[in-house]
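Residue 10 in the working numbering is what sits at position 10 of the sequence shown, and the numbering runs on without skipping anything.
Input: a single structure, listed below in structure tokens.
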Amino acid sequence: MKRTASPKNNRTCKIFFRVTPKELEIIRKRMDEVGVKNLSSYLRRLVLKGYVIEMDLSDFNEIRRLASIISNNLNQYARRANETGSIYVSEIEKLQESHKELVRMIAELSDRFSAMS
């Protein structure tokens with residue numbers, strides 16, 4: 001019976017090549033650095049796209065954290081304004097400063113990405 005590829009996996013051609021143990025160690029290390037666990041996926045991406053980008057997402061996580069804090073504060077201020085009919089100017093100023101910091105971080109990340117291309 002002839003084996004056919006499933007629609008999900010149409011990769012029917014195989015490529016084999018040899019590496020030294022040291023080269024394999026380097027490949028595995030680079031896979032770990034970019035967070036890829038599958039050797040075939042890593043090599044396919046590297047060959048077809050020409051590069052694999054290693055990304056430090058800690059800045060994005062910080063931006064997401066700040067955006068969440070700002071959103072929560074804004075919701076609390078809106079709730080308070082609806083309940084009491086007023087909010088403190090100092091609370092609005094703190095929210096504006098947090099927003100400025102968030103916009104600054106996004107601009108900085110955008111500049112860094114622009115420099116990569």
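Note that CB positions come from ideal geometry on N, CA and C, so glycine has one too.
For Phe60, the enclosing alpha helix (DSSP H) covers residues Ser58 to Thr84.
In the structure shown, the three-state DSSP call for Ile106 is helix. Note on geometry: alpha-carbon atoms of Val89 and Gln96 lie some 11 angstroms from one another. In the structure shown, Ile26 falls within a helical segment according to DSSP collapsed to helix, strand and coil. Judged by DSSP secondary structure, Lys49 falls within the alpha helix (DSSP H) whose first and last residues are Leu39 to Lys49.
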